[in-house]
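Visitor: The structure under discussion is supplied below as structure tokens; questions concerning it will follow.
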Amino acid sequence: MVNQDFCVEESVLPPHSLEGKFSEAMYNAFWDQLKEQLSSSPPNFNRVLELLREIKEMLMSLLLPHQNRLRNEIEEALDMVLLKQEAEHGALDIYSLSSYILSLITLLCAPSRDEAVQKLESITDPVDLLRGIFHVLGLMKMDMVNYTIQSLRSYLQEHSIQYERAKFQELLDNQPSLLDYTTKWLTKAAADLSMPSMSVSDSPSTSCSPPICLTNNSEHLSSTMVLYQGYLNLLLWDPANNEFPETLLMDRTRLQEMEFQLIQLTVLASVLLVARSFSGNILINSPDFVAKLKCITTTLMDEFNAKPEETMLSVSEQVSQEIHKGLHDIGHTSLSMENTSSLIGQIQNIAMKENCVRSVIDQRIRLFLKCCLARGLKESMLDFPGGLILIKEELVELGWKFVNLMRHNQQVFGPYYTEILKNIIPSDQP
């Protein structure tokens, strides 16, 4: 599985899923059978030979072209014909072979795997040792793949950009109206920027002045900012609207996932902001307390889109209980019935889109994402919005994914956007 960092990562199935349970059962069955075969009298080495053959192939795949001496050494030490003969005579020394393989792993592994290799050195059971070796070799193969991908990353990305653009041009040649929805999308983005909107500085006290690059001003309308506004509008897309821009259809599923993450973060930050006003600085400055509130909110958010009122009722009750418990644990007076009722009511009201706290937080998050597009994530973090500090880690992750996806889209379809925007933005504009 390739993640958003353009790296292959270990695929971990949900432990309670049917697929996860089946895979784990089959994996354990192999090692149980191996242990059973070695414990029999005389030992049965069939499974061990299969495993050694695969381990040999994995070791060979980790070698660089110039490592001929090591390749010959492995070929000699793990000669499968010889090992099969030893197995037939009951003379196969599994422990010595495992020790040799472990020494090779130590030589070939990346520094990041040193700790995992050191743990293997303390294992005495031959089956457990082989199991550990096989797992670490799998990680090392993944490291090698990632090294290769990173070495070719710039080439792969450039090739991907050219390939996607060429394929889209073929479709456009056969269907000239293919950019109609894209044109509507950019036209709306330009109109949004031309309309006066409430500045963040006009919002309640949780806000601060927006970066200069994000202020709306029709006199300084630029094609780049129109495009960025269009990208942000994708995170507000009505599912019933089928006029999705053609240039972003391939990314629609990922954008929908990001939209839900944005809603989650908006609600989460709103809940934390309300909770802070009732719990006091001591509790809200405790990482453990904040982590509990985050866990409560995110766990209950799965059905928020379908049942917002019910979801926030559950969140409000559990957050209230956690605040009462936290205040009690630090020896502070619990909330009065009046304050408890107010706390629960304010959190429940977050279910409404027009809720004041939620609206402010939503605006702040979108401004941050827009700033990330305009200035880059690193520079935007230097001016991180107040009121969002408690979700900084989660918001930065979302910003990184969003910016990377949109930057790639801009690189692929930039020439088309430029031509469309020439007809949208007045000629006297930049």
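Start counting the sequence shown at 89; every next residue gets the next number (full-length UniProt numbering).
Even glycine gets a Cβ: it sits at the ideal position worked out from N, Cα and C.
Since the model is a prediction, treat every value here as computed from it, not as a measurement.
With 16 other CB atoms within 10 Å as the buried threshold, where does residue 555 fall?
Guide: The structure shown does not extend to residue 555, since the chain is modelled only from 89 to 518, so the question has no answer here.
Visitor: Considering only the alpha carbon of each residue, which of GLU161, MET168, GLN173, ASN369 lies closest to VAL478?
Guide: Reading off the sequence shown, one finds Leu at residue 478, where the question assumed Val. The shortest Cα separation from LEU478 among GLU161, MET168, GLN173, ASN369 belongs to ASN369.
Visitor: Figure out for me which residue from LEU388, GLU347, MET338 has the closest Cα to the Cα of VAL407.
Guide: LEU388
Visitor: Can you tell me which of MET440, GLU142, LYS380, HIS412 puts its alpha carbon nearest to the alpha carbon of LEU218?
Guide: Taking LEU218 as reference, the option from MET440, GLU142, LYS380, HIS412 with the minimal CA-CA separation is GLU142.
Visitor: Would you tell me roughly how many angstroms separate the C-alpha atoms of ASN160 and LEU227, rounded to the nearest one?
Guide: Here the C-alpha atom of ASN160 lies approximately 23 Å from the C-alpha atom of LEU227.
Visitor: Quick one: is TYR251 buried, meaning 16 or more other Cβ sit within 10 Å of its Cβ, or exposed?
Guide: exposed
Visitor: Give the straight-line distance between the Cα atoms of PRO503 and ASN373, rounded to the nearest whole angstrom.
Guide: 48 Å
Visitor: Would you please state the rounded distance, in angstroms, between the beta carbons of VAL224 and ALA204? I believe it to be under 8 Å.
Guide: 5 Å
Visitor: Compare the Cα-Cα distances from THR385 to each of ILE418, GLN349, SER129 and report the closest residue.
Guide: GLN349
Visitor: Just to check my reading of the structure: ARG446 and SER358 have Cβ atoms closer than 8 Å, yes? What is that Cβ distance to the nearest angstrom?
Guide: 5 Å
Visitor: On the three-state DSSP scale, how would you describe GLY487?
Guide: Here GLY487 sits in helix by DSSP.
Visitor: Helix, strand or coil for MET440 per DSSP?
Guide: coil
Visitor: Less than 8 Å between the beta carbons of PRO130 and ILE182, yes or no?
Guide: no
Visitor: In the DSSP assignment, the alpha helix (DSSP H) including SER282 goes from what residue to what residue?
Guide: 268-282
Visitor: Check whether the Cβ atoms of LEU322 and LEU336 sit closer than 8 Å, and answer yes or no.
Guide: yes
Visitor: Between the Cα of SER468 and the Cα atoms of LEU122, LEU476, GLY474, PHE456, which residue gives the shortest distance?
Guide: PHE456
Visitor: List the whole-angstrom C-beta distance separating residue 519 from TRP488, where the pair is believed to meet the contact cut-off of C-beta under 8 Å.
Guide: Because the chain in this structure spans residues 89 to 518, residue 519 falls outside the shown range and cannot be described.
Visitor: Can you tell me whether LYS458 is buried or exposed, with buried defined as 16 or more other CB within 10 angstroms of its CB?
Guide: Label assigned to LYS458: buried.
Visitor: Just to confirm my understanding: we take SER306, look at its own chain, exclude 5 residues before and 5 after, and list those with CB closer than 6 Å. What are they?
Guide: Here the model assigns SER306 a pLDDT of 44, short of 50, so the residue's position is not dependable and the matter cannot be decided.
Visitor: Could you work out which residue in LEU509, GLU507, GLN499, ILE508 is closest to GLU246 when comparing CA atoms only?
Guide: GLN499
Visitor: Would you identify the three-state DSSP class for ASN497, choosing helix, strand or coil?
Guide: helix
Visitor: Starting from the Cα of GLN155, find the closest Cα among LYS172, LEU196, GLU138, LEU190 and give me that residue.
Guide: If we check each option's Cα against that of GLN155, LEU196 comes out closest.
Visitor: Between which two residues does the alpha helix (DSSP H) harbouring LEU190 extend?
Guide: 182-196
Visitor: With respect to the alpha helix (DSSP H) encompassing MET313, which residues constitute its N-terminal and C-terminal limits?
Guide: 311-321
Visitor: Taking 8 Å as the threshold (C-beta atoms), are LEU486 and ARG342 in contact?
Guide: no
Visitor: Quick one: what does DSSP say ASP417 is sitting in, helix, strand or coil?
Guide: helix
Visitor: How many angstroms separate the CA atom of VAL169 from the CA atom of LEU260?
Guide: 59 Å
Visitor: Output needed for GLY178: all residues of its chain with C-beta closer than 6 Å, excluding positions within five of it in sequence on either side, in chain order.
Guide: Excluding residues within five positions, the ones whose Cβ falls inside 6 Å are PRO130.
Visitor: Looking at the unbroken alpha helix (DSSP H) that takes in LEU353, where does it start and where does it end?
Guide: 340-372
Visitor: Note down the Cα distance separating CYS301 from ARG463, rounded to an integer number of angstroms.
Guide: With a pLDDT of 49 at CYS301, under the threshold of 50, the modelled position of that residue is not reliable, and the figure given next carries that caveat. Each residue's Cα considered, the two are about 8 Å apart.
Visitor: What's the gap between the Cα of ILE508 and the Cα of GLN451?
Guide: When the Cα atoms are used, ILE508 and GLN451 turn out to be separated by approximately 28 Å.
Visitor: Just the Cα atoms here: how many angstroms apart are TYR188 and THR194?
Guide: 10 Å
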